[in-house]
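S.K.: I have a structure I would like to understand better, so I am pasting it below and will then ask my questions one at a time.
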Amino acid sequence: MIKDLRTINKTGLIENRTDFPANLNESPSAPPEWQRELAQAIRDPAELLRRLNLTDHFPAPWKPNVGDFPLLVPESFLNRMEPGNPHDPLLRQVLPDRSELASGNGFTKDAVGDIDALQGPGLLRKYTGRSLLITLGQCAIHCRYCFRRHFPYEEQPRSREEWQKTLELLADQPDVEEIILSGGDPLVLNDRRLRQMVQDLAAVPRLQRIRVHTRLPIVIPSRITEDLLGIFRETRLQPLFVVHANHPAEIAGECPWSLQQLVRSGIPTLNQAVLLRGVNDTTGIQAELCRRLINLGVIPYYLHQLDRVQGASHFETELPLGPRIVAELKTLLPGYAVPRFVREIPGQPSKTEILDVSAD
Ligand code: SF4
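If you're matching positions, the sequence shown starts at 1220 in this note's numbering and goes up one per residue.
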């Protein structure tokens, strides 16, 4: 559950009532461009449809009850959608659909076993050597298929003081070498909070690597600033970014520039995508996505089978499709450009790679 805790304050800036109440007021006269875009992101489905000349294609008023997971689309992502196309693959990822109300056999609120993996406040542990922090509950976009759309973010730490217990727990884990910043999206934190968090983590002696799972470089490319890159240049931890683009049309506008900034500043950058019915479920689309990524130096890492989260059943593809697409990609692209097709099975010690179309 990604609760939309934001309000717009008097300066027009986005303000989070709990996660970082002070930070956006530090320099109200000159907020970074990315914060302005986040504050002004579209939250009203009717406005989104109007901007895309699609009002006539959807019943009005189109406001399906999607509870705590409302529409959220930043302007730069909207700009990559095709006006007049109700099937636009970027639009389909963000527009609430009545299909979300279907229960979906086998679809649950915690599809990947996050709750069982919680070791302490905001700290998840699933795999050997790696732990994951639920850095915050906010994102810059709401993807309708999100596997954490029902996660109890409000129960996780918010202030630096609340994080101390988590850092102590982390320091007590003898084998953990890599920390993954996840959420929500960790790059929604402002630079001051993010730098503090990276510094606190660098003080944990056993940690060697910091991995950032983020969709910001794709959906609000202006988030990649010199100051942000500096945070990861300065730390003793080896940084690694895992971005999330599903369709080649996402790698357009300012997005290639942001990915290049990451790669050319020396940060290994990988992409993970989710196979989504009606969005990116053909070999041609996946091949073009991989090409655009590797042309920028971003390595296609994983193609995920959809996690069976409640509200997303209409995005699910038949299991043989993913391995078939990846097998075809191997005939079209260099090996380093072909993602591994995986699914997450709760309780397993790693992601499960599916190679054989007959495998389950
Ligand atoms: S950016 Fe990631 S965490 Fe946020 S809604 Fe999309 S898939 Fe979920």
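By construction, the Cβ of each residue, glycine as well, lies at the ideal position given by its N, Cα and C atoms.
Bear in mind the structure is a predicted one, so any value in this text is a computation, not a measurement.
List the residues that DSSP assigns as beta-bridge partners of PHE1560.
M.R.: LEU1522
S.K.: Have a look at PHE1451, ILE1564, PRO1558 and CYS1474 and flag the residue whose alpha-carbon is nearest the alpha-carbon of ILE1439.
M.R.: CYS1474
S.K.: Helix, strand or coil: how does DSSP classify ARG1344 here?
M.R.: DSSP places ARG1344 within a strand segment (E or B) once states are collapsed to three.
S.K.: When DSSP labels each residue in this structure, what does ARG1368 get in the three-state scheme?
M.R.: Reduced to three states, the DSSP call for ARG1368 is coil.
S.K.: Is any heavy atom in the ligand SF4 found nearer than 7 Å to the beta carbon of ILE1360?
M.R.: yes
S.K.: Between GLY1356, ILE1573 and SER1318, which lies nearest to PRO1539 when the distance is taken from Cα to Cα?
M.R.: ILE1573
S.K.: Pick helix, strand or coil for GLN1457, following the three-state DSSP scheme.
M.R.: strand
S.K.: Do PRO1302 and LEU1271 count as a contact pair if the criterion is CB distance below 8 Å?
M.R.: yes
S.K.: May I have the straight-line CA-CA distance separating ASP1316 from VAL1423, to the nearest angstrom?
M.R.: 44 Å
S.K.: Measuring CA to CA, which of THR1571, GLN1415 and LEU1352 is closest to LEU1388?
M.R.: LEU1352
S.K.: Under 8 Å between C-beta atoms, does GLN1259 make it to chain D?
M.R.: Absence of chain D from the displayed structure is noted, only one protein chain being present.
S.K.: Quick check: what's the CA-CA separation for ARG1587 versus ALA1249?
M.R.: Outside the displayed span of the chain (1220 to 1579) sits residue 1587, for which this structure offers no information.
S.K.: Could you check whether ARG1452 and ALA1421 sit closer than 8 Å to each other, using their CB atoms as the reference points?
M.R.: no
S.K.: Classify ASN1514 as helix, strand or coil using the three-state DSSP reduction.
M.R.: helix
S.K.: If I'm right that PRO1396 touches GLY1348 with Cβ under 8 Å, what's the distance once you round it to whole angstroms?
M.R.: According to the sequence provided, residue 1396 is Glu. The question's Pro does not apply to it. Rounded, the Cβ-Cβ distance is 5 Å, consistent with contact.
S.K.: State the DSSP-derived secondary structure class of GLN1392, mapped to helix, strand or coil.
M.R.: coil
S.K.: How far does the alpha helix (DSSP H) with VAL1417 in it reach, from first residue to last?
M.R.: 1410-1421
S.K.: On a CA-only basis, which of GLN1567, VAL1417 and HIS1463 is nearest ILE1518? Give me that one, please.
M.R.: HIS1463
S.K.: Round the Cβ separation of GLN1524 and PHE1326 to the nearest angstrom and send it over; I've been treating them as touching at under 8 Å.
M.R.: Rounded, the Cβ-Cβ distance is 13 Å, inconsistent with contact.
S.K.: Starting from LEU1273, trace the beta strand (DSSP E) both ways and give me its first and last residue.
M.R.: It is not in any beta strand (DSSP E) - LEU1273 carries neither H nor E in the DSSP assignment.
S.K.: Who does THR1327 pair with in a DSSP beta bridge?
M.R.: VAL1528
S.K.: Relative to the ligand SF4, is the shortest distance from any of its heavy atoms to the C-beta of CYS1474 smaller than 7 Å?
M.R.: No, the ligand SF4 has no heavy atom inside 7 Å of this Cβ.
S.K.: Using a Cβ-Cβ cut-off of 6 Å (strictly less than) and excluding sequence neighbours within five positions of ILE1261, which residues of its own chain qualify?
M.R.: LEU1267 and VAL1292
S.K.: Residues in the same chain with beta-carbon distance under 7 Å from HIS1582, minus the five sequence neighbours each way, listed in chain order, please.
M.R.: Summary: the structure shown does not reach residue 1582, with the chain confined to residues 1220 through 1579, and so no result is reported for it.
S.K.: Output the boundary residues of the alpha helix (DSSP H) element that contains GLY1541.
M.R.: 1540-1549
S.K.: Tell me whether GLN1427 is buried or exposed, calling it buried when 16 or more other Cβ atoms sit within 10 Å of its Cβ.
M.R.: exposed
S.K.: Taking only three categories from DSSP, how would you classify VAL1493?
M.R.: Strand, per DSSP.
S.K.: Using DSSP with H/G/I as helix, E/B as strand and the rest coil, what is ASN1244?
M.R.: Because ASN1244 sits at a pLDDT of 40, beneath the cut-off of 50, its placement in the model cannot be relied upon, and the point is left open.
S.K.: Measuring straight from C-alpha to C-alpha, what distance separates ALA1330 and VAL1482?
M.R.: 32 Å
S.K.: Can you determine whether any heavy atom of the ligand SF4 sits closer than 7 Å to the C-beta of GLY1402, and answer yes or no?
M.R.: yes
S.K.: Below 8 Å CB to CB, which residues in the same chain sit around ASP1575 once its five sequence neighbours on both sides are set aside?
M.R.: PRO1542
S.K.: Assign SER1318 to one of three DSSP states: helix, strand, or coil.
M.R.: helix
S.K.: Over the uninterrupted alpha helix (DSSP H) stretch that includes ARG1483, give me the two end residues.
M.R.: For ARG1483, the enclosing alpha helix (DSSP H) covers residues 1474-1483.
S.K.: Is it the case that the CB of ASP1463 approaches a heavy atom of the ligand SF4 more closely than 7 Å?
M.R.: Per the sequence shown, residue 1463 should be read as His rather than Asp. Yes.
S.K.: Nearest-angstrom Cα distance between ILE1334 and LYS1345?
M.R.: 11 Å
S.K.: Just the Cα atoms here: how many angstroms apart are PRO1264 and ARG1299?
M.R.: 17 Å
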